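Chains as they are written, first to last, in UniProt numbering: chain L, 1 to 344; chain V, 1 to 344.
We put the beta carbon where it would ideally sit given N, CA and C, even for glycine.
Bear in mind the structure is a predicted one, so any value in this text is a computation, not a measurement.
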């Protein structure tokens, strides 16, 4: 089932998931290809980004962004091609970073579109290392984490779109970098390919002891993107004046109840106080949108110099997006998860 | 039982408390008055500061400062008079801020002593509004809290040494200030005498609803000095980009076990993330010692201008220090708790 010029396949939210999303929470619907009105462009999706934050949009719990309405397409960043244009700023054939969602076609008045240069690296990088995940890694690590050479930086989801970039930037800044990832193959990749100093398999029952052994001088920056048992293992190792940027909590996203007691909130609070720890949540474009150019300049250089490597996990076919997304929340992807909706 | 020139009464830690400290955890011991050696001074305690952090020193759990050893005097900041001096920097009759502990006399080589001018306000202010508590309020609120005019600032222990100053500085900065305190009389004082916009009695079972009603625009800065149920009531009201300086957790200090479950840590983490909240612990002299002069200048002016009021709760007699301290942890004091060890 491939993309056509006559139909707009959409993957809609069919039902709000309870716990882990399942296939039946999504629905593939075929609708007519929309038309570009006055001053509008018609966009065709080529790459679709799948990211953990989308689990939050499937829920109607209060959050920083509105939930996806049931019966409408799932949201997503996309790399799209302009197929028709009534807007003088865009020409047919232009490539843009858009927010077109899980569908083949979308219409836009140009708001929020960013033109992409197909001669600079893979277009899909706009959804990964040069886009939201890379920018998240860069600002969270450098602005909130503020690592100094010789300090120890720990990041989980170490081969993922954000974690892999966090660790490599920390290496560029002269830090000891310890990753946490799911399985021996990802850990090997983090150390051998990405240059981390160590990487711990979070499936190991000895996670706390292994992490402590890998961080003999404690932890100065913990880039929090998972939560749960990883954070529990990290907390006692945090040093005085440690910084904890909080960008995601994937271990919690599918939870339907809070963990069993006791309530460990006082343990966290006491650590914050006695170790003078700074912990700060951030939402990348809300907090740092104005600093994108500085990120793009640095990251472009690091990629050109081979200082940052970026692995993509590309799944073919829009119809496979739900299963790929379900796997993302289980840690099944290996690298930035992207759906190739069309071949070009 | 008053101070003499011939004996040094000490209140020693007799046993590490389990839960709330009790009288038997302290022991009054009479020892000889020490002598000042070469380059040393003999200090006589006149005012003794009692502060919540001392509960931490009674415990041998790992913390930012070493615990008091059993069988040695409890630690404390003091206003002391130089009674004998072999140190050219100090003359007999000088008043100093010292860290002499719960005793009549102590010897010092001058390290860490700060001379006080008895012509500038009450000497005891060096232990309160012009000292550690006032400095804590000032830096925590202004540097971490960074309140802007029109924002809502919430502080608990609103009539205490720190909270009362936090709220009054926030008023100077143009904020809406909501206090939380124990009992109607303290709440009345916070509003009528200190100028808070509202103050909620934390004994009320309706604390969450009352706090929400007093903060119609949510909470932008929560100055955390208590923890526990107050923090639980605050958390859902925190606004996007709120700041939470963490200076103390008095509600937890006597706890022997964690609260019953479920484990609410994920609730806190999710709030930090989705609301992009900054939460930061600090230990005043470790983090901000170098900024004391800026505080002293501002606070000196505010006091001179009558913009800051400061209530002291003065207890007479070193022998009454244990009971006063036990009461402090129960919220029985009304204002900065100080023991007057001698009349001059």
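Chain V contact for residue i (CB, 8 Å cutoff)
{"i": "residue 264 of chain L", "result": "yes"}
{"i": "residue 259 of chain L", "result": "yes"}
{"i": "residue 142 of chain L", "result": "no"}
{"i": "residue 227 of chain L", "result": "yes"}
{"i": "residue 157 of chain L", "result": "no"}
{"i": "residue 116 of chain L", "result": "no"}
{"i": "residue 123 of chain L", "result": "no"}
C-beta neighbour in chain L for residue i, strict 8 Å
{"i": "residue 275 of chain V", "result": "yes"}
{"i": "residue 252 of chain V", "result": "yes"}
{"i": "residue 246 of chain V", "result": "yes"}
{"i": "residue 64 of chain V", "result": "yes"}
{"i": "residue 24 of chain V", "result": "no"}
{"i": "residue 269 of chain V", "result": "yes"}
{"i": "residue 278 of chain V", "result": "yes"}
{"i": "residue 238 of chain V", "result": "no"}
{"i": "residue 48 of chain V", "result": "no"}
{"i": "residue 249 of chain V", "result": "yes"}
Selected residue, minimal CA-CA separation from residue i, among the options
{"i": "residue 219 of chain V", "options": "V:243, V:306, V:251 and V:31", "result": "V:243"}
{"i": "residue 104 of chain V", "options": "V:331, V:335 and V:321", "result": "V:321"}
{"i": "residue 21 of chain L", "options": "L:328, L:158, L:213 and L:75", "result": "L:328"}
{"i": "residue 150 of chain L", "options": "L:35, L:99, L:245 and L:216", "result": "L:216"}
{"i": "residue 36 of chain V", "options": "V:282, V:214, V:102 and V:109", "result": "V:109"}
{"i": "residue 302 of chain L", "options": "L:227, L:343 and L:165", "result": "L:165"}
{"i": "residue 256 of chain V", "options": "V:314, V:19 and V:25", "result": "V:19"}
{"i": "residue 55 of chain L", "options": "L:332, L:326, L:334 and L:128", "result": "L:326"}
{"i": "residue 113 of chain L", "options": "L:82, L:26 and L:182", "result": "L:82"}
{"i": "residue 132 of chain L", "options": "L:211, L:235, L:48 and L:266", "result": "L:48"}
{"i": "residue 180 of chain L", "options": "L:160, L:169 and L:304", "result": "L:160"}
{"i": "residue 12 of chain L", "options": "L:178, L:71 and L:57", "result": "L:71"}
{"i": "residue 221 of chain L", "options": "L:96, L:140 and L:3", "result": "L:140"}
{"i": "residue 173 of chain V", "options": "V:308, V:50 and V:342", "result": "V:308"}
{"i": "residue 28 of chain L", "options": "L:86, L:107, L:74 and L:297", "result": "L:74"}
{"i": "residue 38 of chain L", "options": "L:324, L:84, L:137 and L:31", "result": "L:84"}
{"i": "residue 115 of chain L", "options": "L:2, L:334 and L:78", "result": "L:78"}
{"i": "residue 194 of chain L", "options": "L:15, L:298, L:311 and L:224", "result": "L:311"}
{"i": "residue 51 of chain L", "options": "L:343, L:342, L:332 and L:43", "result": "L:332"}
{"i": "residue 190 of chain V", "options": "V:205, V:208, V:171 and V:206", "result": "V:171"}
{"i": "residue 224 of chain V", "options": "L:269, L:245 and L:209", "result": "L:269"}
{"i": "residue 294 of chain L", "options": "L:130, L:231 and L:146", "result": "L:130"}
{"i": "residue 237 of chain V", "options": "V:15, V:343 and V:152", "result": "V:152"}
Within chain V, partners of residue i - CB distance below 7 Å
{"i": "residue 132 of chain L", "result": "Result: empty, since nearest Cβ-Cβ is about 15 Å, beyond 7 Å."}
Run of the beta strand (DSSP E) containing residue i, from where it starts to where it stops
{"i": "residue 42 of chain V", "result": "41-49"}
{"i": "residue 26 of chain L", "result": "26-32"}
{"i": "residue 316 of chain V", "result": "312-316"}
{"i": "residue 433 of chain L", "result": "One cannot answer for residue 433 of chain L here, as it falls past the ends of chain L, which runs 1 to 344."}
{"i": "residue 280 of chain L", "result": "278-281"}
Listed by chain order, chain L residues near residue i by CB distance under 7 Å
{"i": "residue 137 of chain V", "result": "The premise fails here: residue 137 of chain V is roughly 16 Å from chain L at the closest Cβ pair, so nothing lies under 7 Å."}
Under 8 Å from the C-beta of residue i: neighbouring residues of chain V
{"i": "residue 255 of chain L", "result": "266"}
Within chain L, partners of residue i - CB distance below 8 Å
{"i": "residue 272 of chain V", "result": "246, 279, 280 and 281"}
Alpha helix (DSSP H) segment containing residue i, residue limits
{"i": "residue 84 of chain V", "result": "Run containing residue 84 of chain V: none in the alpha helix (DSSP H); it sits in the beta strand (DSSP E), 78-85."}
{"i": "residue 250 of chain V", "result": "Careful: residue 250 of chain V lies outside any alpha helix (DSSP H) and carries neither H nor E."}
{"i": "residue 299 of chain V", "result": "292-304"}
{"i": "residue 265 of chain V", "result": "265-274"}
{"i": "residue 53 of chain L", "result": "Premise fails: residue 53 of chain L is in no alpha helix (DSSP H) and is neither H nor E."}
{"i": "residue 288 of chain L", "result": "284-288"}
{"i": "residue 325 of chain V", "result": "321-329"}
{"i": "residue 131 of chain V", "result": "Here residue 131 of chain V belongs to no alpha helix (DSSP H), and DSSP marks it neither H nor E."}
{"i": "residue 163 of chain V", "result": "163-172"}
Exercise for the section: With 9 Å as the C-beta to C-beta threshold (strictly closer), list the residues of the region 280-304 of chain V near chain L in chain order. Expected result: Those would be 280, 281, 282, 283, 286 and 287, in chain order.
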